[in-house]
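Peer 1: This is the structure I have questions about; it appears just below.
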Amino acid sequence: MMGAFLAVTPAHAAQEAPGSFSISMSVPVVCDIQASDFVLSADRSVVAGTVNEYCNSSRGFQIIAAHRPLESGEQVDINYDGSVTELNMSGVSNVAFRAGARSSIVPVIISSPDLSKDLALSFAVTPV
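Structure below.
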């Protein structure tokens, strides 16, 4: 939802200034993330796809992956737009930080050669 505020004030300057006004607008922060279909490799250790990220926050935003807690010995790496991050054992992992507003489609590759059971990931975007 977008709101606008208009304020008109009389001039307080010399006579040649007939008046002045100011306009201000408040734009809400809107962020969204959508993933395409991901493709599993033949050996089931690599999954690849794309993510469409959008956020109009001028201060930037964080991409987060939620997943089940990893067991001892399990390791999952995410290559998110060229930056590789190892998933946190806890089940919540910071994957990427974006400075400023941005809208783009980025490649994602998930490597998980040593999983003891299936793993589902859910991506979220949080404005800063």
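For the sequence shown, position 97 matches number 97 in UniProt numbering, and the numbering has no gaps at all. Ideal placement from N, C-alpha and C gives every residue a C-beta, glycine not left out.
1) From the DSSP output, in three-state form, read off glycine 60 for me.
2) Could you compute how far the alpha carbon of proline 127 sits from the alpha carbon of isoleucine 109?
3) Can you tell me whether DSSP reads methionine 25 as helix, strand or coil?
4) Could you spell out where the beta strand (DSSP E) holding phenylalanine 38 opens and where it closes?
5) Can you tell me where the beta strand (DSSP E) with residue 129 in it begins and where it stops?
6) Just reading off the beta strand (DSSP E) that arginine 102 is part of, what are its end residues?
7) Which stretch, first to last residue, makes up the beta strand (DSSP E) that contains glycine 82?
8) Which residue wins for smallest C-alpha separation from residue 130, given the options Gly91, Cys55, Gly82, Tyr80?
9) Below 7 Å CB to CB, which residues in the same chain sit around glutamate 74 once its five sequence neighbours on both sides are set aside?
10) Looking only at its own chain, which residues have a Cβ that is under 7 Å from the Cβ of glycine 106, when we skip the five neighbours before and after it?
Peer 2: In brief:
1) Numbered from 1 along the sequence shown, position 60 holds the residue referred to as residue 60. Here DSSP, grouped into helix, strand and coil, assigns glycine 60 to coil.
2) Here residue 127 corresponds to residue number 127 of the sequence shown, with the count starting at 1. Here residue 109 corresponds to residue number 109 of the sequence shown, with the count starting at 1. One C-alpha to the other measures close to 23 Å.
3) The sequence position of residue 25 within the sequence shown is 25, counting from 1. In this structure, methionine 25 counts as strand in the three-state DSSP scheme.
4) By one-based count along the sequence shown, residue 38 stands at place 38. Careful: phenylalanine 38 lies outside any beta strand (DSSP E) and carries neither H nor E.
5) In the structure as shown, the chain starts at 1 and stops at 128, and residue 129 therefore has no counterpart that could be examined.
6) On the sequence shown, residue 102 is found 102 positions in, with the first residue counted as 1. Membership of arginine 102 in the beta strand (DSSP E) is indicated by the continuous run 102-111.
7) For the purposes of this step, residue 82 is taken as residue 82 along the sequence shown, with counting starting at 1. Taken as a continuous stretch (DSSP letters only), glycine 82 belongs to no beta strand (DSSP E), as it is neither H nor E.
8) Nothing can be reported for residue 130, as the shown portion of the chain is limited to 1 through 128.
9) Counting from one through the sequence shown, the residue named residue 74 turns up at place 74. Close CB contacts of glutamate 74 within its chain, under the 7 Å cut and outside five residues either way in sequence, are with Asp114, Leu115, Ser116 (chain order).
10) The sequence position of residue 106 within the sequence shown is 106, counting from 1. According to the sequence displayed, residue 106 carries valine and not glycine. The answer, listed in chain order, is Thr50, Val51, Glu53, Tyr80, Asp81.
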